[in-house]
Amino acid sequence: MSGIGLWDNLIQMAVSLFGGGWMLLCSRGPGRRSCLFLSLALQGWALGLLFHLINLALRGYAAPPPNPSQFVWSGAHLFYISVIRSLNPGTSRGRPPRLAYLAPLLTLPFTLAWFFWDKEGSPLVNLLWGAGFAYIAFEILRSLLHSMQRGEAWAARYHAMVLLMILFDEMVLLSGLFYQRADFARMNAYYAFDFLVTLALLLQPVALHKAVSA
Numbered sequence: 466m467s468g469i470g471l472w473d474n475l476i477q478m479a480v481s482l483f484g485g486g487w488m489l490l491c492s493r494g495p496g497r498r499s500c501l502f503l504s505l506a507l508q509g510w511a512l513g514l515l516f517h518l519i520n521l522a523l524r525g526y527a528a529p530p531p532n533p534s535q536f537v538w539s540g541a542h543l544f545y546i547s548v549i550r551s552l553n554p555g556t557s558r559g560r561p562p563r564l565a566y567l568a569p570l571l572t573l574p575f576t577l578a579w580f581f582w583d584k585e586g587s588p589l590v591n592l593l594w595g596a597g598f599a600y601i602a603f604e605i606l607r608s609l610l611h612s613m614q615r616g617e618a619w620a621a622r623y624h625a626m627v628l629l630m631i632l633f634d635e636m637v638l639l640s641g642l643f644y645q646r647a648d649f650a651r652m653n654a655y656y657a658f659d660f661l662v663t664l665a666l667l668l669q670p671v672a673l674h675k676a677v678s679a
């Protein structure tokens, strides 16, 4: 495992654990359900990274899909949806704004790219992963638009951070398809996008704390 790859994963894990711990403490106050769900989402993200690091240490390369990290990250995505439902109750029962349907279209190019260029992955896993990204992006964009309509600035910022995290994570996965194993020993687009994922993970607890305290 390269030094830059190790530090990239360790920093992102530390950010996730810090945010998860903070949200766990905040779950005793206002917006306790939203804070608890985000805590579980961030801790799940950190656990997925831990499985990823263990596999890299043992094998020297990422495990082919499906792997434990993907299952744990899928669970983290479900907790992100739970945050949305608790932060904006009733939103899912209303008619979504038309702009919300742009979210699945944003994720479609990534899904198609995985089908055409991911030679080692499973087509079924790629389909399920792509469908999951499309669904969570739709839910987030719908809640983002709903928060903007109601003038809930910090809630809108939180949803924006989660949506950006999803899109940056897809860019991480996409850029990784075009690199050989030796390329991960130096700085490249893969690490640049993963840094943006880490930044979004860092800002999510701040925005949610402001949203539930408003």
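For the sequence shown, the numbering used here begins at 466 and goes up steadily by one. Cβ coordinates follow ideal geometry from the N, Cα and C atoms, glycine included.
Query: Under a three-way DSSP split, which group does Tyr-644 fall into?; Result: coil
Query: When DSSP labels each residue in this structure, what does Ala-672 get in the three-state scheme?; Result: helix
Query: Starting from Asn-591, trace the alpha helix (DSSP H) both ways and give me its first and last residue.; Result: 588 to 614
Query: Quick one: is Gln-614 near chain B, going by C-beta distance under 7 Å?; Result: Among the chains in the structure shown there is no chain B, since it carries only a single protein chain.
Query: Check whether the Cβ atoms of Ala-602 and Thr-572 lie closer than 7 Å to each other.; Result: yes
Query: The alpha helix (DSSP H) with Tyr-545 in it runs from where to where?; Result: 533 to 552
Query: Kindly indicate which residue of Ser-534, Arg-607, Ser-539, Gly-540 has the alpha-carbon position closest to the one of Tyr-566.; Result: Arg-607
Query: Using the Cα positions of Asp-583 and Pro-495, report the straight-line distance between them to the nearest angstrom.; Result: 44 Å
Query: Could you spell out the range, first to last residue, of the alpha helix (DSSP H) harbouring Leu-564?; Result: Leu-564 -> no alpha helix (DSSP H), and no H or E assigned at all.
Query: Would you identify the three-state DSSP class for Pro-495, choosing helix, strand or coil?; Result: coil
Query: By how many angstroms is the C-alpha of Phe-581 removed from the C-alpha of Ser-481?; Result: 32 Å
Query: Are the CB atoms of Ser-467 and Gly-485 within a distance shorter than 7 Å?; Result: no
Query: Less than 6 Å separating the Cβ of Met-488 from some heavy atom of the ligand PLP?; Result: Ligands are entirely absent from the displayed structure, and the ligand PLP is therefore not among its contents.
Query: What is the rounded straight-line gap between the Cα of Val-627 and the Cα of Leu-589?; Result: 25 Å
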